[in-house]
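K.L.:
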Amino acid sequence: MLSFILVCASGFSGLGAPSVPVAVEAPVADTGSISGKVVWEGDRPDPRPPLKIKDTETKGCIHEGGVDTEDRTLLIDANGGVANVVLTIKATDVKVPESPIELDQKGCRFEPRVIVVPVGATVRYANSDETNHNIHTFAKKNQPLNKNVAGGTHLEQTFSKAEVVEVKCDVHTWMKSYVVVTDASNFAVSARDGSFKIEGLPPGEYKVEWWHEELGKGKTETIKVEAGKDSPMTLKVSASSKKKKGGRRRR
């Protein structure tokens with residue numbers, strides 16, 4: 032199994048990313064995949080305290096047992112798996128999905144925390160709550176958006192350039208998510224246990240680029256992909272991968 036220890040550079044500009052692999056021209060039988068796990072190396076950081084959310088702020092938030100107060104900035108499970116790491120590969124031309132990619136507002140949290148959007152694709156910002164939310168995108172290369180969205184309705188936005196876009200709700204200030212707009216053809220986002228799989232890759236040699244909101248970005252060594260086979264990979268990240276930015280990071 033290939034294993035990489037990565038140190039990132041600060042910032043990010045249009046990384047490839049995941050969630051659902053983008054369709055590629057090559058038939059499935061003629062493609063391969065890369066799968067594995069993103070794991071934390073070294074001493075784990077102390078668990079972050081719950082978000083401070085007042086009951087008076089959560090009226091209309093649909094969530095069994097109350098609003099989830101977990102800080103999702105850096106999620107590491109009991110076995111060291113790291114969630115919400117975007118992994119991308121530029122293997123073929125980007126294919127724009129026919130249907131919008133959904134980012135929901137449910138329980139007064141954005142779900143999921145991270146989505147990957149090919150250049151030219153549309154995001155559907157849904158509001159499954161019974162309260163008003165606000166979609167505020169902090170885009171630099173794409174058109175920024177700052178609009179309210181009533182409960183049970185939605186907004187749509189199309190992205191034309193690759194970049195990482197932070198999304199917040201100005202009504203419920205603890206709500207935050209990321210839209211990773213990419214010009215990569217194949218991608219994945221690591222699951223809660225750190226696992227991932229990048230599928231539909233034509234045979235060849237690739238370097239996997241990765242991005243994480245707290246840890247920054249990096250790139251692996253070359254990985255060989257063969258038709259009909261899966262290439263295993265372990266991506267190791269650590270405190271040394273963190274972005275060097277002044278001030279405290281927002282939740």
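In our numbering, the protein residues as written are 32 to 282. Yeah, the Cβ is synthetic: ideal placement off N, Cα and C, and Gly gets one too.
(1) How far does the beta strand (DSSP E) with lysine 267 in it extend, from its first residue to its last?
(2) Please report how far the alpha carbon of isoleucine 120 lies from the alpha carbon of asparagine 163, in whole angstroms.
(3) In chain order, which beta strand (DSSP E) runs of at least 3 residues are fully inside the segment 114–146?
(4) In whole angstroms, what is the alpha-carbon distance linking arginine 79 and glycine 111?
(5) Can you tell which of Pro131, Ile132 and Asn115 has its C-alpha closest to the C-alpha of valine 145?
(6) Pick from Trp71, Val180 and Glu88: whose alpha carbon is nearest that of threonine 265?
(7) Return the first residue and the last residue of the beta strand (DSSP E) that glutamate 187 is part of.
(8) How should phenylalanine 169 be labelled, buried or exposed, when 16 other C-beta atoms within 10 angstroms of its C-beta is the threshold for buried?
(9) Starting from valine 212 and walking both ways along the beta strand (DSSP E), at which residues does that stretch end?
(10) Restricting to Cα atoms, I'd like to know which of Pro128, Thr123, Val117 and Asn177 is closest to glycine 235.
(11) With valine 29 and valine 210 assumed to form a contact (beta carbons below 8 Å), what rounded beta-carbon distance in angstroms separates them?
(12) Have a look at Pro149, Lys85 and Gly138 and flag the residue whose alpha-carbon is nearest the alpha-carbon of serine 130.
(13) Alpha carbon to alpha carbon, what distance is there between lysine 248 and asparagine 217?
(14) Taking the alpha carbon of cysteine 139 as the point to measure from, which residue in Val127, Val147, Ile132 and Asn158 has its own alpha carbon closest?
(15) Whole angstroms is fine: what's the gap from serine 64's alpha carbon to lysine 260's?
(16) Could you please give the first and the last residue of the uninterrupted beta strand (DSSP E) stretch that includes histidine 167?
(17) Pull the bridge partners of serine 64 from the DSSP assignment, please.
(18) Please report the distance separating the alpha-carbon of aspartate 214 from that of valine 125.
(19) Do you know offhand how far glutamate 187's Cα is from valine 154's?
P.N.:
This is what the structure holds:
(1) From DSSP, the beta strand (DSSP E) with lysine 267 extends over 261–268.
(2) Straight across, the Cα-Cα distance linking isoleucine 120 with asparagine 163 is about 37 Å.
(3) The DSSP assignment places 117–120, 132–137 and 140–142 as complete runs of the beta strand (DSSP E) inside the segment 114–146, in order along the chain (cut-off: 3 residues).
(4) The alpha-carbon atoms of arginine 79 and glycine 111 are separated by roughly 15 Å.
(5) The residue with the shortest Cα to Cα distance from valine 145 is Asn115.
(6) Comparing Cα-Cα distances from threonine 265 to each of Trp71, Val180 and Glu88, the minimum goes to Trp71.
(7) Element bounds for glutamate 187: 185–189.
(8) Per the 10 Å Cβ criterion, exposed.
(9) It spans 207–213 - the beta strand (DSSP E) in which valine 212 sits, taken as one unbroken run.
(10) Looking at Pro128, Thr123, Val117 and Asn177, the one whose alpha-carbon comes closest to that of glycine 235 is Thr123.
(11) This structure cannot speak to residue 29, because the chain is shown only from 32 to 282.
(12) Among Pro149, Lys85 and Gly138, the Cα nearest to that of serine 130 belongs to Pro149.
(13) Cα to Cα, asparagine 217 sits roughly 17 Å from lysine 248.
(14) The residue with the shortest Cα to Cα distance from cysteine 139 is Asn158.
(15) Using only the alpha carbons, I get a separation of about 7 Å.
(16) From DSSP, the beta strand (DSSP E) with histidine 167 extends over 164–169.
(17) Beta-bridge pairing by DSSP links serine 64 to Asp261.
(18) One C-alpha to the other measures close to 6 Å.
(19) Cα to Cα, glutamate 187 sits roughly 6 Å from valine 154.
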